[in-house]
Amino acid sequence: MKGYTEYLENLVRLIEKVKDCQCEKFEKAADIIADAIQEGRMVHFWGPGGHSSMFAEDVLYREGELACINPIVDPSISLGHGALKEINYFERIEAYAKAILKYNRVKSGDIMVMGSAYGVNPVCIQAAIECKKNGIYLIAITSPLFAQWLDNEETRHTSGKGLYEIADLYIHSYAPEDDLTLKMEGSKEKFGSVATIMQLLTCKAMTSTVIVKLIKRGVKVPIWRDALEEGGAEFNEQYMKKYWSIVKSM
Numbered sequence: 061m062k063g064y065t066e067y068l069e070n071l072v073r074l075i076e077k078v079k080d081c082q083c084e085k086f087e088k089a090a091d092i093i094a095d096a097i098q099e100g101r102m103v104h105f106w107g108p109g110g111h112s113s114m115f116a117e118d119v120l121y122r123e124g125e126l127a128c129i130n131p132i133v134d135p136s137i138s139l140g141h142g143a144l145k146e147i148n149y150f151e152r153i154e155a156y157a158k159a160i161l162k163y164n165r166v167k168s169g170d171i172m173v174m175g176s177a178y179g180v181n182p183v184c185i186q187a188a189i190e191c192k193k194n195g196i197y198l199i200a201i202t203s204p205l206f207a208q209w210l211d212n213e214e215t216r217h218t219s220g221k222g223l224y225e226i227a228d229l230y231i232h233s234y235a236p237e238d239d240l241t242l243k244m245e246g247s248k249e250k251f252g253s254v255a256t257i258m259q260l261l262t263c264k265a266m267t268s269t270v271i272v273k274l275i276k277r278g279v280k281v282p283i284w285r286d287a288l289e290e291g292g293a294e295f296n297e298q299y300m301k302k303y304w305s306i307v308k309s310m
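The numbering of the sequence shown is the numbering used here, which starts it at 61 and goes up by one.
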């Protein structure tokens, strides 16, 4: 066993599953998001959890990504202020979900794209419930396998539900139930986590599909340029002027 070979082969197999088995959902999700953008409605992206926070971070002021979306990056529901503090405490406070949604001005008629590989923590599930209650269409990128497998009540929402059960539409990221892909004789522990990678890949596939659809419709799509390249920051200024006051995490 080499490690890199087996890990990458497992990853490729999972990516192929997403590509081959989620076609209809990619198309439907992209149509819903493209419609909202054309109609001037806000589309929010949020990864409510420690490592899941990268889901929103990687579409925030990111070259090649949509400038007209609202990525929600809340430091308390990320690893930025301490991994143990977030995973063991903050993401288990159900009521905090409502505060984040209100602060980011998520409202009826908006679209919420929520990315959580596990899709079980109390903030994630309460946010999903609030979205459904308040007329916000909820698209989830998640793996039901973990939600169906985990039986630790301390780390789950009091409803016991998984994100995939609440969402109006979910895209399966195919992260395995324990997130791990490798095991080797000589160790009792499995390793080779893939959940975050699968979440980000699935998200990128979806946003790319949205952009393709908008271009085909003849829409001038607001896409960020690399701020590090010559003229990039100046080009992005047109979008900054329009979205600075709307995107709270900018």
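Positions of the beta carbon are idealized from the N, C-alpha and C atoms, including for glycine.
Exposed unless 16 or more other CB atoms sit within 10 angstroms - verdict on residue i
i       : result
Trp-106 : buried
Ala-135 : The sequence shown places Pro at residue 135, not Ala. Exposed: under 16 other Cβ atoms inside 10 Å.
Ser-203 : buried
Ser-247 : exposed
Asn-296 : buried
Val-133 : buried
Gly-291 : exposed
Ala-90  : buried
Paired residues, beta bridge with residue i - DSSP
i       : result
Val-173 : Phe-105 and Ile-199
His-232 : Thr-202
Pro-131 : Phe-105
Leu-126 : Ile-283
Phe-251 : Leu-242
Unbroken alpha helix (DSSP H) run spanning residue i, endpoints
i       : result
Tyr-64  : 64-81
Ser-268 : 255-276
Phe-150 : Element bounds for Phe-150: n/a, residue is neither H nor E.
Val-183 : 182-193
Leu-161 : 156-163
Tyr-303 : 292-303
Glu-225 : 223-226
Same chain only: Cβ atoms within 8 Å of residue i, ignoring 5 sequence neighbours per side
i       : result
Asn-181 : Pro-108, Gly-109, Glu-151, Arg-152, Thr-215, Arg-216 and His-217
Ile-137 : Pro-108, Gly-109, Gly-110, Ser-113, Glu-146, Phe-150, Glu-151, Tyr-156, Ile-160 and Val-183
Gly-220 : Glu-213
Ala-287 : Tyr-121, Glu-123, Ala-293 and Asn-296
Gly-169 : Arg-101, Gly-195 and Ile-196
Ile-75  : Met-258 and Leu-261
Candidates the options, of which the one nearest residue i by Cα
i       : options                               : result
Tyr-67  : Gln-259, Leu-240 and Met-300          : Leu-240
Ala-94  : Lys-276, Gln-298, Ala-116 and Val-166 : Lys-276
Gly-179 : Ile-171, Lys-280 and Pro-236          : Pro-236
His-232 : Ile-257, Lys-250 and Ile-201          : Ile-201
Tyr-224 : Cys-83, Lys-192 and Ser-309           : Lys-192
Lys-54  : Ile-283, Thr-262, Ile-257 and Leu-139 : No answer is possible for residue 54: the residues shown for the chain start at 61 and end at 310.
Thr-267 : Ile-171, Gln-298, Lys-308 and Leu-126 : Leu-126
Ile-92  : Asp-211, Leu-274 and Ala-143          : Leu-274
Glu-87  : Ser-309, Lys-167, Ile-271 and Val-72  : Ile-271
Tyr-299 : Cys-128, Asp-118, Asn-70 and Lys-77   : Cys-128
Residues near residue i by beta carbon distance below 6 Å, same chain, minus five either side
i       : result
Val-173 : Phe-105 and Ile-199
Gln-186 : Glu-154 and Ala-157
Asn-130 : Met-102, His-104 and Val-307
Bounding residues of the beta strand (DSSP E) (the contiguous stretch that carries residue i)
i       : result
Leu-240 : 240-242
Residues near residue i by beta carbon distance below 7 Å, same chain, minus five either side
i       : result
Ser-253 : Asp-239 and Leu-240
Lys-250 : Asp-238, Leu-240, Leu-242 and Lys-243
Within-8 Å CB hit, residue i to chain D
i       : result
Met-300 : You won't find chain D in this structure, because it holds only one protein chain.
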